[in-house]
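A.B. asks: Dumping the structure here so I can ask a few things about it.
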Amino acid sequence: MIHITLPDGSVRSYDHPVTPMEVAQNISEGLARNVLSALVNDRQVETSTPITEDARLQLLTWNDNLGKKAFWHSSAHLLAQAILDFFPEAKLTIGPAIENGFYYDVDFGGESISEKDFEKIEKKMLEHARLKSEFQLYPVSKAEALKIYTYNPYKTELIENLNDGEITFCSHENFTDLCRGGHLPHTGFVKAAKILNAAGAYWRGNEKNPQLTRVYGITFPKQKDLTEYLHKLEEAKKRDHRKLGKELGIFTFSEKVGSGLPLWLPKGAALRKKLENFLQAAQQKAGYEMVVTPHIGHKDLYVTSGHYEKYGADSFQPIQTPNEGEEFLLKPMNCPHHCEIYKSQQWSYRDLPKRFAEFGTVYRYEQSGELHGLTRVRGFTQDDAHIFCTPDQLLDEFKKVIDLVIYVFNALGFEDYTAQVSLRDRENHSKYIGSNENWQKAENAIIQAAEEKELKTVVEYGEAAFYGPKLDFMVKDALGRSWQLGTIQVDYNLPERFDLSYIGSDNEKHRPVMIHRAPFGSLERFVAILLEHTAGDLPLWLAPEQFIILPISDKYLDYSKKVLNLLENSDICGLIDKRAEKTGRKIRDAELAKIPFMLIIGENEENTAMVSVRKHGEGDLGAMPVDDFRKLLEKEMKV
1 MIHITLPDGS VRSYDHPVTP MEVAQNISEG LARNVLSALV NDRQVETSTP
51 ITEDARLQLL TWNDNLGKKA FWHSSAHLLA QAILDFFPEA KLTIGPAIEN
101 GFYYDVDFGG ESISEKDFEK IEKKMLEHAR LKSEFQLYPV SKAEALKIYT
151 YNPYKTELIE NLNDGEITFC SHENFTDLCR GGHLPHTGFV KAAKILNAAG
201 AYWRGNEKNP QLTRVYGITF PKQKDLTEYL HKLEEAKKRD HRKLGKELGI
251 FTFSEKVGSG LPLWLPKGAA LRKKLENFLQ AAQQKAGYEM VVTPHIGHKD
301 LYVTSGHYEK YGADSFQPIQ TPNEGEEFLL KPMNCPHHCE IYKSQQWSYR
351 DLPKRFAEFG TVYRYEQSGE LHGLTRVRGF TQDDAHIFCT PDQLLDEFKK
401 VIDLVIYVFN ALGFEDYTAQ VSLRDRENHS KYIGSNENWQ KAENAIIQAA
451 EEKELKTVVE YGEAAFYGPK LDFMVKDALG RSWQLGTIQV DYNLPERFDL
501 SYIGSDNEKH RPVMIHRAPF GSLERFVAIL LEHTAGDLPL WLAPEQFIIL
551 PISDKYLDYS KKVLNLLENS DICGLIDKRA EKTGRKIRDA ELAKIPFMLI
601 IGENEENTAM VSVRKHGEGD LGAMPVDDFR KLLEKEMKV
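Be aware that the sequence shown starts at 1, since it is given in UniProt numbering, and climbs by one per residue.
This is how it looks when you write it as structure tokens:
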């Protein structure tokens, strides 16, 4: 008998090999109509894949992320098929599913694709989809695969790196592609298609390789879903942090300074400072001590930590000292520096935990084609902290960090989040450092802490850092997009590599455990996400300019300055619009600048010691004494 265990713990037994689709049909015809793919013992397979021994089975639909992955990966085959219909000489390379949709990298040779081609490709994709052709996955020998792809150097390179038994092709209708699997039962599930754009991309992401054309697309099982998605895309364009950052005067870039190195303008610097002050105040209450470390470090520091071995290729080239022949690196991580701060003296168990925090700027090389506003840069500031504690303190300290992260999210209006438990790859341990015993202890601590804090969690294998497992907070913004923000990591390995210790109650040396944490992740990326989440309408307490005074003529500048001084003495920041413009124009400009409050001052306001108040997005709030306006702001600014 073959026993199939379903996610709810129920077991179905069969006296013959069975496919996921057959199991779905046994449960209900309605479920079978909606199943797109399946997980068998955590490996994604086609619904037609025979299960020949006892196994865990999860049936995947459109409501599952892996179901969407199968849908979009299959759609990449439809895209490639349609491209060949119009560009028969094109050479296909790879076509994976991505978070929203899919892409296919194509060498069009002497031809090129443009927006005018998109509509006909979309129509052709749907023509093929309506035929409901089954996706058929089958093994091919290495020699046969190489023979089939003699005309395509990209596929040949992929095949050369595979062994016999690892190579599969997938066919539907008249189209065949080198593919490892994870497809829909048939093409008919695809009912709506859109080509989103085409951009340049180097083969395998290496700028020394040929440049290809990456064609992005997305598909849905209903036209309604596509319409809603395109509406969200338009809204996302309006909220693009690069657009808002320019309009609101938050940040800029300069080619002379260097790609991927943001320049914070006065308003952006004020915003950063407010975020830092907010977190620093919370950290002080939680017992953190602020430290400062250099922007560079000796290469040996990162060799000891393991960062050089794992990330050396992604670091900037070492800096050579003029005479001594030493090598330094721009700091890619703060944690090795904090280990050395801890090691600067001998601690007792009575001193622990030690919580060192720093807004530390780090530098990592990103290829120019991967840079994107503030979300992908070459220099960024982490709200980094490292906690050194005894093993007995680990669980309690981890839960306290969870509380801090949730406090930050709530204060900034991020209420929809999931905690991702990021563990080691189950099969391949070669990319991680440290003993299995320490990894097991670290993973158990994270799982237990998340359970005790009653977090909504998902488990992802293979997403751990090279030195330890993580709890990554996946936050949804106002458009329903998912972002990875806060992260907490348990690390038994760096304390070993740096030979860190404390004196225990037995007067012997013991090894501390290290917790890495960053609620924002990086200030650059966090500001980008915050701008897009709020559409630039920042919470009042974070706004670089909380109010603007609009005198209707120069005659009222003196009273405007008096009002400004009164409010600034209460740590409320604003400015006076001294331009010789009509009041209506000043109001429109203040609305575009998303300044939360406007104070209009004329003869009546001056004579009565009042201000006429307008609120951004809401309009006129009427006249009130200056002190009442101050109280209104202080009430709204409470975090």
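Idealized CB from N, CA, C, for every residue including glycine.
Beta-carbon within less than 8 Å of K142's beta-carbon, same chain only, minus the 5 sequence neighbours each way: which residues are those?
C.D. replies: I159, L162, N163, D164, I167
A.B. asks: Given a cut-off of 8 Å on the beta-carbon distance, is the pair D8 and H77 in contact?
C.D. replies: no
A.B. asks: Please return the same chain residues whose Cβ sits closer than 6 Å to the Cβ of E636, not counting the five positions on each side in sequence.
C.D. replies: Within the same chain, and ignoring the five residues on either side of E636 in sequence, the residues whose Cβ sits closer than 6 Å to its Cβ are L540.
A.B. asks: Look at the alpha carbon of T52 and the alpha carbon of N65, and state the distance between them as a whole number of angstroms.
C.D. replies: T52 and N65: Cα-Cα distance of roughly 26 Å.
A.B. asks: Report yes if the CB atom of A198 is closer than 8 Å to the CB atom of V215, and no otherwise.
C.D. replies: It is a contact, given that the beta carbons lie within the stated cut-off.
A.B. asks: Please report how far the alpha carbon of R180 lies from the alpha carbon of S133, in whole angstroms.
C.D. replies: 18 Å
A.B. asks: With DSSP run on the structure shown, which of helix, strand or coil describes P139?
C.D. replies: strand
A.B. asks: Thinking just about the alpha-carbon of each residue, which of L564, Q382, A270, K476 is nearest to the one in T418?
C.D. replies: K476
A.B. asks: To the nearest angstrom, how far is it from the Cα of R378 to the Cα of L412?
C.D. replies: 26 Å
A.B. asks: Could you pull out every unbroken beta strand (DSSP E) segment of at least 3 residues lying fully inside the stretch 604 to 634, listed in chain order?
C.D. replies: 610 to 615, 619 to 625
A.B. asks: CB-CB under 6 Å to L531, same chain, minus the five flanking residues each way: which ones, in chain order?
C.D. replies: Closer than 6 Å at Cβ, skipping near neighbours: H241, L244.
A.B. asks: Please report the straight-line C-alpha distance between L564 and P625, rounded to a whole angstrom.
C.D. replies: 13 Å
A.B. asks: Out of K638, D627, E591, which has the shortest C-alpha to C-alpha gap to D620?
C.D. replies: It is E591.
A.B. asks: Measure the C-alpha to C-alpha separation of D499 and T304 and round it to an integer number of angstroms.
C.D. replies: 10 Å
A.B. asks: Ignore the nearest five residues each way along the sequence and tell me which others in K453's own chain have a CB closer than 7 Å to its CB.
C.D. replies: Excluding five sequence positions before and after K453, the CB atoms of its chain that fall closer than 7 Å to its own CB belong to K399, I402, given in chain order.
A.B. asks: Taking C-alpha atoms, which residue in D554, L374, N34 lies nearest to G188?
C.D. replies: N34
A.B. asks: Please report the straight-line C-alpha distance between V513 and S501, rounded to a whole angstrom.
C.D. replies: 10 Å
A.B. asks: Indicate the three-state DSSP secondary structure (helix, strand or coil) for I167 in the structure shown.
C.D. replies: coil
A.B. asks: Below 8 Å on the Cβ atoms is my contact criterion, and I expect L271 with I296 to pass it. Report the Cβ-Cβ distance as a whole number of Å.
C.D. replies: With a Cβ gap of about 27 Å, L271 and I296 do not count as contacting.
A.B. asks: Pairing CB atoms from the stretch 334 to 344 with CB atoms from the stretch 311 to 325, are three or more of them under 8 Å?
C.D. replies: Here the stretch 334 to 344 makes no contact with the stretch 311 to 325; the two share fewer than three CB pairs at distances below 8 Å.
A.B. asks: Please report the residue range of the alpha helix (DSSP H) in which Q280 lies.
C.D. replies: Its alpha helix (DSSP H) spans residues 266 to 285.
A.B. asks: L196 by DSSP, collapsed to three states: which one?
C.D. replies: strand
A.B. asks: Quick check: the Cα distance between M598 and T252, rounded to an integer number of angstroms?
C.D. replies: 26 Å
A.B. asks: To which residues does DSSP link P551 through a beta bridge?
C.D. replies: I601.
A.B. asks: Would you please state the rounded distance, in angstroms, between the beta carbons of L523 and D383? I believe it to be under 8 Å.
C.D. replies: Sure, about 7 Å apart at Cβ, within 8 Å.
A.B. asks: How far does the alpha helix (DSSP H) with E452 in it reach, from first residue to last?
C.D. replies: Run containing E452: 436 to 452, per the alpha helix (DSSP H) assignment.
A.B. asks: Could you spell out the range, first to last residue, of the beta strand (DSSP E) harbouring K470?
C.D. replies: 470 to 476
A.B. asks: Looking at F359: is its Cβ nearer than 8 Å to the Cβ of E451?
C.D. replies: no
A.B. asks: Within 10 Å of its beta-carbon, does M1 have 16 or more other beta-carbons around it, so buried, or fewer, so exposed?
C.D. replies: exposed
A.B. asks: Determine, using beta carbons only, whether F102 and H73 come nearer to each other than 8 Å.
C.D. replies: yes
A.B. asks: Would a C-beta distance cut-off of 8 Å place T213 and F108 closer than the cut-off?
C.D. replies: yes
A.B. asks: Within the chosen definition, does the stretch 27 to 41 reach the stretch 136 to 151 through at least 3 CB pairs nearer than 8 Å?
C.D. replies: Cβ pair count under 8 Å is below three, so no.
A.B. asks: For A76, which three-state DSSP category applies?
C.D. replies: helix
A.B. asks: Given this structure, state the Cα-to-Cα distance separating L6 from E397, to the nearest angstrom.
C.D. replies: 36 Å
A.B. asks: Should Q284 go down as buried or exposed, given a rule of 16 or more other Cβ atoms within 10 Å for buried?
C.D. replies: exposed
A.B. asks: Can you give me the start and stop residues for the beta strand (DSSP E) that C389 sits inside?
C.D. replies: 379 to 389
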